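In the UniProt record's numbering, the protein residues as written are 1 to 73.
Beta carbons are placed, not taken as given, at the ideal position from N, Cα and C, and that holds for glycine.
The model shown is predicted, which means the values in this text are computed figures rather than measured ones.
Reviewing the structure listed below.
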Amino acid sequence: MAYRSYPNADRALKQLDRHRPSAPVISMPPALRAVSESIGQLRENTQRAASQGFGSGTYVLSTRRPGAVSGPA
């Protein structure tokens, strides 16, 4: 019978992970934190606007909104 040091793939991966250094913890500077929060708010507002939609539930032939000016007046 042949010698198999790792008969199980999960066991082999755990053996390799023992010697892997942990990921460093990086603190976010205050300026980037503010940008991160504003991007999160922008995402929420965009999702809210998209879910409400323009004329939600009605068929609109044109993508232009009523009252929009098409050219110079």
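May I ask you to report which of helix, strand or coil DSSP gives residue i?
| i | result |
| --- | --- |
| Thr63 | coil |
Starting from residue i and walking both ways along the alpha helix (DSSP H), at which residues does that stretch end?
| i | result |
| --- | --- |
| Ala31 | Pro30 to Gln52 |
| Arg11 | Ala9 to Asp17 |
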